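Using this note's numbering, you'd call the opening residue of the sequence shown number 1 and step up by one each time.
Notes to accompany the following structure.
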Amino acid sequence: MSIRLMALFLLLLFGSTSVLAGNGWSEVAYPLSGPPQVIGSYAAGCIAGAMALPLTGDGYQIMRASRNRYYGHPALIRLVERLGRQAAAQGSRLLIGDLGQPRGGPMPNGHRSHQSGLDADIWFLQQPRDQSLSRSDTEQIEMPSMIRAAEGALNDSRWSSRYRDALKRAAQAPEVERIFVNAIIKQALCDSETDRSWLNKVRPWWGHDAHFHIRLNCPADSGQCQPQKPFPPGDGCDADLARWVEEIRQAALSPKPYRKPEPPSADRLPTACSTVLNSPTASRR
Ligand SMILES: [Zn+2]
1 MSIRLMALFL LLLFGSTSVL AGNGWSEVAY PLSGPPQVIG SYAAGCIAGA MALPLTGDGY
61 QIMRASRNRY YGHPALIRLV ERLGRQAAAQ GSRLLIGDLG QPRGGPMPNG HRSHQSGLDA
121 DIWFLQQPRD QSLSRSDTEQ IEMPSMIRAA EGALNDSRWS SRYRDALKRA AQAPEVERIF
181 VNAIIKQALC DSETDRSWLN KVRPWWGHDA HFHIRLNCPA DSGQCQPQKP FPPGDGCDAD
241 LARWVEEIRQ AALSPKPYRK PEPPSADRLP TACSTVLNSP TASRR
């Protein structure tokens, strides 16, 4: 029995002390009011007292606002606003993808994580600071990939040093725990950066070739927040990364039929999350 199968078996056997919710999480329209409190992990958790990121601010704009996934812990909201101001100082406007749902929890599509109000997606593509997009553009503009997967290389006709700068500023933010980018993008940075110290937090992953994914450390106010296993020290510019790039290249050369991933199940959330999901919102004025 493979380790993964064994883990699944144990999970089925012992994993039932949990909230057996269907997915009501995407239907809750508002955060639960009160002090911010992250409960559980990035891929099985929820949040009380989340804040909404205003749809537009200096140096940023939320994309796909119709999804109602622009909520997070106040530390995440402050960080996105700060990264926006830093981009604005450089004449740019960041395009912000999904944060979390009003009370976090699993999403019916699109992500396994982003459940605890500590994850945010930021597009590589940027707008000029003074050109905000129309609401319909924010719903429709495509998120362009920055790689030529079959060549295992960056798409230099799309990539910009501004995208690298935004990524670097995010990686240097102390509250950021890690950032996911496509392995090809990480490799390109390994090859081009003279100071590679900030690459430590930039972790290679699948996808993430059109956006990067910021993940915050557990905030001090959230005793029930479950941190992720730390990654090994060093810049990660190693043989593992090179192998990963080669795998992505091979996959692009011989594409297998795409299988839509199963929606993540909500049944392993901490029990406290059922209170977060089911508590009525205080009356809103
Ligand atoms: Zn993400």
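From the three backbone atoms N, C-alpha and C, an ideal C-beta is built for every residue, glycine too.
Every value quoted in this text rests on a predicted model; they were computed, and no experiment measured them.
Secondary structure at residue 218: coil, using DSSP grouped into helix, strand and coil. For residue 33, the closest of 72, 160, 61 by C-alpha to C-alpha distance is 72. Taking the Cβ of residue 213 as the reference point, at least one heavy atom of ligand 1 falls within a distance shorter than 6 Å.
In the structure shown, residue 240 falls within a helical segment according to DSSP collapsed to helix, strand and coil. Shown here for residue 281: same chain residues with a beta carbon closer than 7 Å to its own, the five before and five after excluded, namely 30, 32, 33 in chain order. Put simply, the backbone Cα of residue 211 is about 17 Å away from that of residue 67. Here residue 56 is near residue 132, since their CB atoms are less than 7 Å apart.
Between the C-alpha atoms of residue 161 and residue 220 there is a straight-line separation of about 34 Å.
Between residue 146 and residue 124, the C-beta gap is smaller than 7 Å, which places the two residues in contact.
Per DSSP, reduced to three states, the secondary structure at residue 103 is coil, with no helix or strand assignment. The beta carbon of residue 209 sits no closer than 6 Å to any heavy atom of ligand 1.
For residue 121, the CB falls within less than 6 Å of some heavy atom of ligand 1.
Distances from the CA of residue 26 to each of 174, 274, 120, 102 were compared; the closest alpha carbon is that of 102. Bounds of any alpha helix (DSSP H) do not take in residue 30, whose DSSP letter is neither H nor E. A direct Cα-to-Cα measurement between residue 94 and residue 200 gives close to 23 Å. In the three-state reduction of the DSSP assignment, residue 141 falls in the coil class, being assigned neither a helical nor a strand state.
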